[in-house]
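Protein chains in written order, with the UniProt record's numbering: chain P, 1 to 416; chain C, 1 to 416.
Virtual Cβ for every residue (Gly too), placed ideally from N, Cα, C.
I have placed the structure first, in the form of structure tokens, so that the comments after it can refer back to it.
Protein chains: 2
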Amino acid sequence: MSTQHNTLDCIQPPVHKKKELCDMDYSQDPPRILSNYLVHAPKPFNAEPHLPLLVNAGLITPTDVFFKRNHGPIPDIQLEDHQVYIGVQSHGQSDAGVEWKALSMNDIMTRWPKATITASLQCAGNRREGLAQLKEVKGVIWKAGTISNAVWSGPRLCDILKDIAGVPQDLHNEMIRNYHVSFEADDHVKEDACYGSSIPLRKAMDPLGDVILAYEMNGQPLTRDHGFPLRVIVPGYIGARSVKFLQKILVQPQESTSFFQRRDYKILPPWIDSSNVDTAWDTTVSLGEMNVQCVICTPMEKEVILCPKPVTVKGYAISGGGRAIYRVELSVDGGKTWEPVDKIEQTPDKISGMYWAWALWEKKVPKILTTSEIVVRAYDSSGNMQPEFPIWNYRGVMNNAWFRVNNVIQMPQPNM
Amino acid sequence: MSTQHNTLDCIQPPVHKKKELCDMDYSQDPPRILSNYLVHAPKPFNAEPHLPLLVNAGLITPTDVFFKRNHGPIPDIQLEDHQVYIGVQSHGQSDAGVEWKALSMNDIMTRWPKATITASLQCAGNRREGLAQLKEVKGVIWKAGTISNAVWSGPRLCDILKDIAGVPQDLHNEMIRNYHVSFEADDHVKEDACYGSSIPLRKAMDPLGDVILAYEMNGQPLTRDHGFPLRVIVPGYIGARSVKFLQKILVQPQESTSFFQRRDYKILPPWIDSSNVDTAWDTTVSLGEMNVQCVICTPMEKEVILCPKPVTVKGYAISGGGRAIYRVELSVDGGKTWEPVDKIEQTPDKISGMYWAWALWEKKVPKILTTSEIVVRAYDSSGNMQPEFPIWNYRGVMNNAWFRVNNVIQMPQPNM
């Protein structure tokens with residue numbers, strides 16, 4: 001019997017049950033080009049590209065360089081079998097009372113206009129290493145490569161929610177102001193029955209929000225590592241909200257109850273650590289928009305440059321909420337004096353005008369001394385700037401302190 | 001002959017000519033309650049309320065406590081004579097080619113629904129004093145009171161621009177993405193022919209942008225000091241964009257050419273000072289959204305508290321772009337250890353859900369030692385936080401470094 005349903009049928013989506021860790025099967029994970037990555041963990045596969053690859057590839061990160069963040073095995077989903085379930089839960093209504101509708105991937109790919117958005121995704125844990133150096137943190141100890149930029153295509157979520165879930169388009173509607181959209185993946189993860197997350201309904205319905213359901217990345221069908229067959233792209237937000245392997249969309253009066261919305265991805269206050277963390281989750285808000293960030297990708301810490309010529313320092317900068325990068329300043333004396341970078345390249349979305357994609361910048365530095373500390377900092381269009389020093393938080397998220405590179409050695413090419 | 005025109009007439013608005021400083025007449029300025037204010041300059045009148053008044057009045061600042069920022073004499077405008085001129089300039093079109101339409105104040109007050117927005121205005125120069133202590137800056141040396149919160153009422157600018165200027169409502173329209181709305185005041189100022197400024201057209205047309213033309217403040221007609229008979233309210237932006245004494249609205253492909261858009265209100269880079277400032281204006285972007293800010297209003301520096309009981313530390317916090325204040329942290333040891341404040345009060349707009357109004361916060365501190373440095377810092381909903389130390393810029397704008405209060409003396413009431 002076919003699992004395909006007509007959109008208007010009222011049906012129940014499959015219910016995921018949490019698996020024991022020992023039942024997690026990673027044998028069907030896709031093959032990967034490991035040479036591009038610093039692999040932090042094989043199961044689940046978590047890897048960030050080497051920093052120079054990020055800037056040398058140009059504004060669009062090739063798919064096989066894009067960072068990979070997983071919480072479980074990559075599900076093996078068949079395009080023709082996959083269904084996306086959409087429902088609305090009103091105030092006080094039980095989960096069982098929700099009327100679901102199902103869309104096939106063919107529906108997703110043909111019923112609405114295909115939007116194309118260039119957007120960077122950044123893990124909230126990017127640069128966690130800088131906080132781990134201050135005090136023990138919980139999480140993958142990411143360096144600064146847990147960010148990448150790609151071109152994503154698929155229907156706008158606002159169109160689907162309007163047509164299938166009857167969500168009003170008027171941004172002044174009370175529902176838009178108070179509701180959330182929860183996403184669930186068709187996967188199994190260590191922490192919960194499946195990966196899940198939510199965003200405010202306002203973000204989903206805002207024509208300037210540019211939230212899409214992407215089935216293409218860089219002009220090709222999504223790869224399994226990046227969410228095949230369908231993922232949410234929530235530009236301007238932390239990567240955790242761009243749920244992969246999308247299976248369920250629920251419009252509801254509260255945030256997702258998933259572990260990843262309620263027990264993770266929050267900037268816990270500095271007085272919260274492993275001893276008292278359970279007291280803090282419910283009083284700490286979930287992360288949404290990214291903060292302003294800037295990183296030097298090349299040269300790297302302790303790099304030896306065998307060339308007497310000026311060195312081109314390169315890196316990325318980004319802010320959240322569609323805010324532009326307005327200025328990048330570089331110091332080669334540990335922050336005593338600053339100069340503008342030579343060039344900042346950033347392109348707004350061609351329809352909404354929002355800045356969802358990172359800026360790449362570069363600056364020629366005449367000579368790097370072994371005593372030079374190279375520091376970078378950026379301003380965004382809200383006048384926010386990165387803090388000079390990192391502020392520790394237990395989950396090690398949102399570290400956007402000034403980025404520093406030390407111990408670069410520049411010397412002439414030795415005689416061969 | 002009446003100066004009233006039918007809306008559909010094509011007419012020319014009056015052209016302001018720059019006045020010599022010696023011709024500025026301040027004799028018609030309104031009377032003021034000076035005791036509420038620290039007056040920085042009488043002509044033009046620039047004054048900020050004493051900090052404790054700001055928090056003790058509650059979330060809404062009384063009109064006679066609200067800070068006053070002027071660039072020239074207060075114009076003496078008659079409600080029944082005042083006209084607001086609205087035009088659209090297309091690419092390459094000369095100023096003379098613009099077709100203007102005029103609205104009377106009666107039109108403004110009756111033809112569109114009256115929206116009511118509670119929004120804080122903050123001068124970009126708030127806390128300039130903190131930057132002046134580092135190096136010479138240009139501008140009024142404001143302390144931390146150049147911010148206030150009021151209830152504003154009037155029509156939405158998006159409605160007027162749609163009906164009178166034919167601006168499309170579709171936020172994906174190319175014009176929305178690329179154009180600006182310039183405002184000019186019916187006044188005379190020192191720096192230019194009149195006060196002027198602009199905002200992106202997208203901000204004006206966004207239903208979540210909440211830009212209004214206000215003729216009421218705190219339920220009363222605007223006072224002359226606050227822009228009678230009509231001012232723009234651009235919530236979430238620096239105060240400089242909320243133009244008072246509004247006379248002209250021009251939709252155009254570029255930012256306002258006013259001094260106040262092009263030669264002021266920019267975060268100049270730290271290597272720019274009075275010696276080279278002319279090289280930097282055109283390459284430095286204009287300010288729009290506010291950054292994240294937090295200030296202790298009471299106790300004040302060097303305050304003597306004659307009471308042995310716990311002291312309630314109070315202050316405000318705000319961010320730009322409608323972003324909420326998510327956390328306020330207080331330290332009484334100069335930033336070594338932090339605690340949450342006891343209470344944060346902030347209310348989103350009841351229609352759009354955006355956070356345009358400041359948060360007021362307070363915390364009981366058991367005892368303040370003479371050696372205590374009280375420090376506060378806030379996080380907003382984009383995960384941005386204030387910088388620990390101020391970064392100097394020549395115009396002394398957007399200083400949002402951690403706010404510090406020293407030399408508070410707490411002692412028992414002396415025997416009488």
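Beta carbon proximity, residue 172 of chain P to chain C, threshold 8 Å: Yes, its Cβ sits closer than 8 Å to a Cβ of chain C.
Inter-residue spacing [alpha-carbon to alpha-carbon] between residue 297 of chain C and residue 318 of chain C: Rounded to whole angstroms, residue 297 of chain C to residue 318 of chain C spans 14 Å at the Cα level.
Inter-stretch contact (C-beta, 8 Å, three-pair minimum) for the region 239-259 of chain P and the region 189-207 of chain P: Yes, the region 239-259 of chain P touches the region 189-207 of chain P.
When C/280, C/251 and C/345 are compared against residue 164 of chain C, the one with the closest alpha-carbon: By alpha-carbon distance to residue 164 of chain C, the top candidate from C/280, C/251 and C/345 is C/251.
Three-state secondary structure assigned by DSSP to residue 153 of chain C: In the three-state reduction of the DSSP assignment, residue 153 of chain C falls in the strand class, which pools E and B.
Test: residue 2 of chain P CB closer than 8 Å to a CB of chain C: Residue placement at residue 2 of chain P cannot be trusted, given a pLDDT of 41 that sits under 50; the coordinates are not used to answer.
Buried versus exposed call for residue 381 of chain C [16 or more other C-beta atoms within 10 Å across all chains shown]: Burial state of residue 381 of chain C is buried, judged by a 10 Å Cβ sphere holding 16 or more other Cβ atoms.
Separation of residue 229 of chain P from residue 74 of chain P, as counted between CA atoms: So the two alpha carbons sit approximately 11 Å from each other.
C-beta neighbour in chain C for residue 131 of chain P, strict 8 Å: Nearest CB-CB separation between residue 131 of chain P and chain C: not below the 8 Å threshold.
The region 213-229 of chain C / the region 148-158 of chain C touching (three or more Cβ pairs under 8 Å): Judged by Cβ distances under 8 Å, the region 213-229 of chain C makes contact with the region 148-158 of chain C, as three or more pairs qualify.
Extent of the continuous alpha helix (DSSP H) to which residue 55 of chain P belongs: Where residue 55 of chain P is concerned, the enclosing alpha helix (DSSP H) stretches over 51-56.
Any chain P beta carbon closer than 8 Å to residue 355 of chain C: For residue 355 of chain C, the answer is no, since every Cβ of chain P falls outside 8 Å of its Cβ.
Contacts of residue 389 of chain C in chain P (Cβ-Cβ under 7 Å): Chain P residues near residue 389 of chain C: 388.
Residue-level contact to chain P via CB, residue 290 of chain C, 8 Å cutoff: Answer yes: the Cβ-Cβ gap between residue 290 of chain C and chain P drops below 8 Å somewhere.
Distance between residue 146 of chain C and residue 289 of chain C (C-alpha atoms, nearest Å): The alpha-carbon atoms of residue 289 of chain C and residue 146 of chain C are separated by roughly 16 Å.
Limits of the unbroken beta strand (DSSP E) element including residue 404 of chain P: Here the beta strand (DSSP E) through residue 404 of chain P covers 403-405.
Min CB distance residue 338 of chain P to chain B below 8 Å: In summary, chain B is missing from the structure at hand, where the protein chains are P and C.
Three-state secondary structure assigned by DSSP to residue 158 of chain P: Here residue 158 of chain P sits in helix by DSSP.
Cross-chain neighbours of residue 329 of chain P in chain C, by beta carbon under 8 Å: Close to residue 329 of chain P, with beta-carbon spacing below 8 Å, are these residues of chain C in chain order: 269 and 270.
is_contact[residue 352 of chain C, chain P] using C-beta, thresh 8 Å: So yes, residue 352 of chain C belongs to the interface.
Bridge-paired residues (DSSP) for residue 361 of chain C: Paired residues: C/315 and C/344.
Own chain partners of residue 7 of chain C with C-beta closer than 8 Å, once the 5 adjacent residues on each side are dropped: Confidence in residue 7 of chain C is poor, its pLDDT being 48 and thus under 50, which makes the residue's placement too unreliable to answer from.
Sequence-distant residues of the same chain with beta carbon closer than 6 Å to residue 85 of chain C, five excluded per side: Result list for residue 85 of chain C: 13, 100, 102 and 248, in chain order.
4-residue-minimum alpha helix (DSSP H) runs that sit fully inside the region 191-223 of chain P, ordered along the chain: Those alpha helix (DSSP H) runs which fall completely within the region 191-223 of chain P and span 4+ residues are 201-205.
Closer than 8 Å to chain C by CB, residue 381 of chain P: Judged by the 8 Å Cβ criterion, residue 381 of chain P is in contact with chain C.
Residues that DSSP places opposite residue 442 of chain P in a beta bridge: Outside the modelled stretch of chain P, which goes from 1 to 416, sits residue 442 of chain P, for which no answer is possible.
Member of C/304, C/219 and C/185 whose CA lies at the smallest distance from the CA of residue 260 of chain C: Ranked by Cα distance from residue 260 of chain C, the first of C/304, C/219 and C/185 is C/185.
Rounded Cβ spacing between residue 334 of chain C and residue 373 of chain C (contact assumed at less than 8 Å): With 8 Å as the limit, residue 334 of chain C and residue 373 of chain C qualify as a contact, their Cβ atoms being about 4 Å apart.
Neighbouring residues, chain C, relative to residue 207 of chain P (Cβ below 7 Å): Those within 7 Å of residue 207 of chain P in chain C are 171 and 172.
DSSP three-state assignment for residue 243 of chain C, whether helix, strand or coil: Reduced to three states, the DSSP call for residue 243 of chain C is coil.
Extent of the continuous alpha helix (DSSP H) run through residue 174 of chain C: From DSSP, the alpha helix (DSSP H) with residue 174 of chain C extends over 174-178.
8 Å contact criterion, which residue 395 of chain C and residue 68 of chain C should meet: CB distance rounded: Residue 395 of chain C to residue 68 of chain C, Cβ: 20 Å. No contact.
Residues that residue 87 of chain C bridges to, as DSSP identifies them: Residue 87 of chain C is bridged to C/100 and C/250.
For residue 87 of chain P and residue 201 of chain P, the rounded distance between their alpha carbons: Between the alpha carbons of residue 201 of chain P and residue 87 of chain P lies a distance of about 13 Å.
Residues that DSSP places opposite residue 185 of chain P in a beta bridge: In the DSSP assignment, residue 185 of chain P forms a beta bridge with P/246.
Residue(s) in a DSSP beta bridge with residue 293 of chain C: C/318, per the DSSP bridge assignment.
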